[in-house]
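Some notes on the structure that comes next.
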Amino acid sequence: MRIKTISRSVDEFTRERSQDLQRVFHNFDPSLRPMEKAVEYQRALTAAKLEKIFARPFVGAMDGHRDGISCMAKNPNYLKGIFSASMDGDIRLWDIATSRRTVCQFPGHLGAVRGLTVSTDGNVLVSCGTDCNVRLWSVPRPSLEDSDLSSEKSTEPSAVYTCKNALLAVDHQFEGDLFATAGAQLDIWNHNRSQPVQSFTSGSHSVISVRFNPGEPDILATSSGDNHISIYDIRMSSAARKILMRTKTNSIAWNPMEPMNFTAANEDGNCYSFDGRKNEEAKCVHKDHVSAVMDIDFSPTGREFVTGSYDRSVRIFPYNGGHSREIYHTKRMQRVFCVKYSSDATYVISGSDDTNLRLWKAKASEQLGVILPREQKKHEYNEAVKNRYKHLPEIKRIVRHRHLPKPIYKAKAESRAMNDAKRRKDDRRKAHSAPGTVVTESHRTRRIIKEVE
Amino acid sequence: MTMEVALEDNNLMEKVLPPDEQEIDVELEAKEKKYLRGEGANLETLKDKKLKTQLASREKLYGKSAKAAAKIEKWLLPASAGYLETDGLEKTWRVKQTDIAKEVDILSSRNQYDIVLPDFGPYKLDFTASGRHMLAGGRKGHLALVDMMSMNLIKEIQVRETVRDVAFLHNDQFFAAAQKKYSYIYARDGTELHCLKERGPVARLRFLKNHFLLASVNKIGQLHYQDVTYGDMVASIRTGKGRTDVMEVNPYNGVVALGHSGGTVTMWKPTSQAPLVQMQCHPGPVSSVAFHPNGHLMATSGKERKLKIWDLRKFEEVQTIHGFHAKTLSFSQKGLLAAGTGSFVQVLGDSSGDYSRYMSHSMVKGYQIEKVMFRPYEDVLGIGHSMGWSSVLIPGSGEPNFDSWVANPFETTKQRREKEVHLLLDKLPPETIMLDPSKIGAMRPSRRKERPTRGEIEAEKEVAVEAAKGVELKKKTKGRNKPSKRTKKKKELVENVKKTFPEQEQGAAGKKRRIGEDAAADLPSSLKRFARKN
Numbered sequence: 499m500r501i502k503t504i505s506r507s508v509d510e511f512t513r514e515r516s517q518d519l520q521r522v523f524h525n526f527d528p529s530l531r532p533m534e535k536a537v538e539y540q541r542a543l544t545a546a547k548l549e550k551i552f553a554r555p556f557v558g559a560m561d562g563h564r565d566g567i568s569c570m571a572k573n574p575n576y577l578k579g580i581f582s583a584s585m586d587g588d589i590r591l592w593d594i595a596t597s598r599r600t601v602c603q604f605p606g607h608l609g610a611v612r613g614l615t616v617s618t619d620g621n622v623l624v625s626c627g628t629d630c631n632v633r634l635w636s637v638p639r640p641s642l643e644d645s646d647l648s649s650e651k652s653t654e655p656s657a658v659y660t661c662k663n664a665l666l667a668v669d670h671q672f673e674g675d676l677f678a679t680a681g682a683q684l685d686i687w688n689h690n691r692s693q694p695v696q697s698f699t700s701g702s703h704s705v706i707s708v709r710f711n712p713g714e715p716d717i718l719a720t721s722s723g724d725n726h727i728s729i730y731d732i733r734m735s736s737a738a739r740k741i742l743m744r745t746k747t748n749s750i751a752w753n754p755m756e757p758m759n760f761t762a763a764n765e766d767g768n769c770y771s772f773d774g775r776k777n778e779e780a781k782c783v784h785k786d787h788v789s790a791v792m793d794i795d796f797s798p799t800g801r802e803f804v805t806g807s808y809d810r811s812v813r814i815f816p817y818n819g820g821h822s823r824e825i826y827h828t829k830r831m832q833r834v835f836c837v838k839y840s841s842d843a844t845y846v847i848s849g850s851d852d853t854n855l856r857l858w859k860a861k862a863s864e865q866l867g868v869i870l871p872r873e874q875k876k877h878e879y880n881e882a883v884k885n886r887y888k889h890l891p892e893i894k895r896i897v898r899h900r901h902l903p904k905p906i907y908k909a910k911a912e913s914r915a916m917n918d919a920k921r922r923k924d925d926r927r928k929a930h931s932a933p934g935t936v937v938t939e940s941h942r943t944r945r946i947i948k949e950v951e
Numbered sequence: 436m437t438m439e440v441a442l443e444d445n446n447l448m449e450k451v452l453p454p455d456e457q458e459i460d461v462e463l464e465a466k467e468k469k470y471l472r473g474e475g476a477n478l479e480t481l482k483d484k485k486l487k488t489q490l491a492s493r494e495k496l497y498g499k500s501a502k503a504a505a506k507i508e509k510w511l512l513p514a515s516a517g518y519l520e521t522d523g524l525e526k527t528w529r530v531k532q533t534d535i536a537k538e539v540d541i542l543s544s545r546n547q548y549d550i551v552l553p554d555f556g557p558y559k560l561d562f563t564a565s566g567r568h569m570l571a572g573g574r575k576g577h578l579a580l581v582d583m584m585s586m587n588l589i590k591e592i593q594v595r596e597t598v599r600d601v602a603f604l605h606n607d608q609f610f611a612a613a614q615k616k617y618s619y620i621y622a623r624d625g626t627e628l629h630c631l632k633e634r635g636p637v638a639r640l641r642f643l644k645n646h647f648l649l650a651s652v653n654k655i656g657q658l659h660y661q662d663v664t665y666g667d668m669v670a671s672i673r674t675g676k677g678r679t680d681v682m683e684v685n686p687y688n689g690v691v692a693l694g695h696s697g698g699t700v701t702m703w704k705p706t707s708q709a710p711l712v713q714m715q716c717h718p719g720p721v722s723s724v725a726f727h728p729n730g731h732l733m734a735t736s737g738k739e740r741k742l743k744i745w746d747l748r749k750f751e752e753v754q755t756i757h758g759f760h761a762k763t764l765s766f767s768q769k770g771l772l773a774a775g776t777g778s779f780v781q782v783l784g785d786s787s788g789d790y791s792r793y794m795s796h797s798m799v800k801g802y803q804i805e806k807v808m809f810r811p812y813e814d815v816l817g818i819g820h821s822m823g824w825s826s827v828l829i830p831g832s833g834e835p836n837f838d839s840w841v842a843n844p845f846e847t848t849k850q851r852r853e854k855e856v857h858l859l860l861d862k863l864p865p866e867t868i869m870l871d872p873s874k875i876g877a878m879r880p881s882r883r884k885e886r887p888t889r890g891e892i893e894a895e896k897e898v899a900v901e902a903a904k905g906v907e908l909k910k911k912t913k914g915r916n917k918p919s920k921r922t923k924k925k926k927e928l929v930e931n932v933k934k935t936f937p938e939q940e941q942g943a944a945g946k947k948r949r950i951g952e953d954a955a956a957d958l959p960s961s962l963k964r965f966a967r968k969n
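As you go down the protein sequences, you meet chains D and Z in turn. The C-terminal position of the first sequence is numbered 951 in the numbering used here, with every residue numbered one higher than the one before it. The C-terminal position of the second sequence is numbered 969 in the numbering used here, with every residue numbered one higher than the one before it.
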């Protein structure tokens, strides 16, 4: 006869000294956990509510400019600093980490500064403006005396180049020392030459924005005032690709993780993601803004992008999703003209008409600072369990809820009513016509008129 | 070596395994099934490619986690289950507790004892979820809270009234006692915290752990559910079936089962006034009900000396055991069933598929067993009887490996406090009590009814009309055979046949209705917008 019973010795299951860790034993058998789905659902509900409780995205505002902010630039080598330029020619370098103050000023422009960019090694700042000048500045090295707040340094430009017409945008090549300016025509400059190395003219309309491709150093995308988006290879003499849309594109951003794709921020309130190689239809249409989208920037992860729009809001979109996951707005923030996603993918900076730069968290309920591993695990668990049940009505209602400012809310309701009416009429027209005569255009091609080679 | 192969991606060539490792693989696969918690989704029917790839990668992840859990169960769990194996002609039910005591170590033999308290009446027992604390309530008013690991009497009080039932709340800090007129909630040091007047004289008290609901049935047959966190009476249901004192909670889904004197077992949830299920289990009154922890089996015993095992998925009887009238029943964590009758306890085990005799224990003749209950996470059966309480060893009844986050018998004060907070955060609302708890978050089945289409009904009608027309009428003689009358009769026949069909189409109303969806298929496309959209 063989008999064995469960006998647990206490010292095997408890700790010896109070300095030791408590012993934890796991048994993953599902029969020990009845009603686990209901418990999970309850935890998802609590996680959704907690996320809303901790959602405080606004970190701070940086005051200093005396006119609306027209453009911003990130320094690829220095995480804490950001350059901003305003409509009265004032360029400043801000320290956004601890002090949120101006570190350095770059006076010199006489009119509005329309474009700012930094070279990839972080040494040269290029700015251009409506006073037809391109100015190159050498970026001061961040030193141990950074915390010296009393002296706001100001520097002299290292070079000033003049053009014939006002300049509207500038962007620097990722690997190399060429930069491109946009104005009456597209010019490619070298740091050391006072005249553009290369020029592209196309039509009579000005080029509004320019952006170099992060993957291919010689490819850039521009948008022009006659509703074209053009992709240039600077080794060739004319545009490689051209897309004609119905409304003009205010800004373009390339996806840093998938450099063949770019997203264009359009005047009709939508953002269109294109595959650079195949332009007949947009890969994705991102619709949520009610007014023109002024600026767009991708997160370094390539999974999200932030847009700033004329309707006084900043939205964060997923790279492949049609609707925004987040909207930031304040009563004091007026028309947003430029946005940037910080290089550590944690913050979003918006520059607006009310002369302030605002710093926001990219994930509104994120805990900043050092997080203990146990806290990190809990956050990850909460995210995972919330994503599992986020389609259920109670949780969806909490997760989706955002307070919108009244003008945006009303504009959206109106556009929804208009779209519903239009769709209903189109459906009826289709039903009463011979099958095949009325073709509904997909949203991805609706706003593209044609592709011009 | 083969373990590494299993851990890596399955792109490698299949290796031929030696036979003993093949056995381990089969064993692991069997364990994996338990952790997969059902079948995977059928992804073939999906047309959306993005969704398909997302779901496919998730299913792969589930498979990996099930494999990892199966391996942990096989290799890393600290303790193994108890067993009682006899060889040759010896039968397991002839093994006495004294024999067991000889074979087993000192720690386990401490769990065999009899506590004789003849003055205070038959004792009812309750254990906490971790099995560490026990509450004994004697009929004549004796309440005792005992720490089972150190055999320490933490607190005993004499309430000087009849105590009919006792129950722990979510941990050992609070317990409830159903006394003569009302029920009371006490703290661990014996302080009376609440008097639950609304319920009246309660016959049976049970606590639903996940929902923090204290359920009770009183002498008039009313069922009460009260949320003990803020004291709200969630439901008070008039069962309408008279007085009963047989009430058990199904740990799998939280439904409460009552056994009635007519032989029916009804199952209740707090959000409805009508029972979820009514089963006719016995010809006579039901004496006791018990639920298997996996939620699929229920044991009931009736006064006609039969014990029946029911499958709760199909609500069918699986097995009947004759011979004795079991006054009290209890399932252990490993599925052993203890039945107490008179002064005799029978333990039945299902090692051979059906429940059969595993062990038995008979007490001194005068002791009338009031309640048997298995102690969680130990191979121990607690017996409350008329002369006190006893504890006997039943090898193989308890779960050997506990999970510290679920129930920890070695809890410290800090851990107990943290656990209480987490339990409260995970408290389920009473609406989640349902017969199948895995339905939460699942898809609702489509409500499309299988109705015959209009075309099919027309075809049937045609056939029936043809049949009616083909009926030969008897030719009457003696002047009652006018041709007009004959045609009239034929027409009537056909009309009667046609009348039976419109009943199926229009139902009760007969009003002019919008064209149903099944008829939409044969409409011209310009009229399709008038078809009712479901």
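Note that CB positions come from ideal geometry on N, CA and C, so glycine has one too. Fair warning: this is a prediction, and the values are worked out from it, not measured in the lab.
CB contact check: residue i to chain D, cutoff 7 Å
{"i": "residue 943(Z)", "result": "Low local confidence applies: a pLDDT of 43 at residue 943(Z) is under 50, so the model's placement there is unreliable, and no value is given."}
{"i": "residue 841(Z)", "result": "yes"}
{"i": "residue 504(Z)", "result": "yes"}
{"i": "residue 940(Z)", "result": "Residue confidence for residue 940(Z) is low, a pLDDT of 49 falling below 50, so the modelled location carries little weight and cannot support an answer."}
{"i": "residue 472(Z)", "result": "yes"}
{"i": "residue 809(Z)", "result": "no"}
Proximity of residue i and residue j at Cβ, strictly below 7 Å
{"i": "residue 681(Z)", "j": "residue 724(Z)", "result": "yes"}
{"i": "residue 689(Z)", "j": "residue 643(Z)", "result": "yes"}
{"i": "residue 664(Z)", "j": "residue 603(Z)", "result": "no"}
{"i": "residue 945(D)", "j": "residue 743(D)", "result": "yes"}
{"i": "residue 658(Z)", "j": "residue 674(Z)", "result": "yes"}
{"i": "residue 831(D)", "j": "residue 813(D)", "result": "no"}
{"i": "residue 805(Z)", "j": "residue 819(Z)", "result": "yes"}
{"i": "residue 841(D)", "j": "residue 794(D)", "result": "no"}
Residue i - containing beta strand (DSSP E), residue span
{"i": "residue 773(D)", "result": "768-773"}
{"i": "residue 723(Z)", "result": "721-726"}
{"i": "residue 477(Z)", "result": "Counting along the chain, residue 477(Z) falls outside any beta strand (DSSP E), and DSSP gives it neither H nor E."}
{"i": "residue 511(D)", "result": "First-last for residue 511(D): 508-511, but that is the alpha helix (DSSP H), not the beta strand (DSSP E)."}
Within-7 Å CB hit, residue i to chain Z
{"i": "residue 530(D)", "result": "yes"}
{"i": "residue 648(D)", "result": "Reliability of the predicted coordinates at residue 648(D) is poor, the pLDDT of 47 falling under 50, and the value obtained from them is presented with this limitation in mind. Not an interface residue."}
{"i": "residue 525(D)", "result": "yes"}
Alpha helix (DSSP H) segment containing residue i, residue limits
{"i": "residue 542(D)", "result": "534-551"}
{"i": "residue 528(Z)", "result": "Careful: residue 528(Z) lies outside any alpha helix (DSSP H) and carries neither H nor E."}
{"i": "residue 496(Z)", "result": "484-510"}
{"i": "residue 461(Z)", "result": "454-471"}
Contacts of residue i in chain Z (Cβ-Cβ under 8 Å)
{"i": "residue 933(D)", "result": "960"}
{"i": "residue 537(D)", "result": "645, 861, 863"}
Chain-ordered chain D contacts of residue i [CB-CB under 9 Å]
{"i": "residue 469(Z)", "result": "527, 528, 529"}
{"i": "residue 462(Z)", "result": "By Cβ distance, chain D contributes nothing, its closest Cβ being about 15 Å from residue 462(Z), past 9 Å."}
{"i": "residue 964(Z)", "result": "925, 926, 929"}
Contact list for residue i against chain Z, beta-carbon separation under 7 Å
{"i": "residue 505(D)", "result": "540, 542, 543"}
{"i": "residue 887(D)", "result": "876"}
Validate contact between the segment 462-477 of chain Z and the segment 513-522 of chain Z using beta carbons, cut 8 Å, 3 pairs
no
I want to know whether the segment 615-627 of chain Z touches the segment 589-597 of chain Z - three or more CB-CB distances under 8 Å.
yes
Answer yes if the segment 533-540 of chain D comes into contact with the segment 841-854 of chain Z, meaning at least three C-beta pairs across the two stretches below 8 Å, and no otherwise.
no
Assess, as a yes-or-no matter, whether the segment 561-576 of chain D is touched by the segment 598-614 of chain D under the definition of 3 or more beta carbon pairs within less than 8 Å.
yes
Within 8 Å, do at least three Cβ pairs link the segment 824-838 of chain Z to the segment 773-785 of chain Z?
yes
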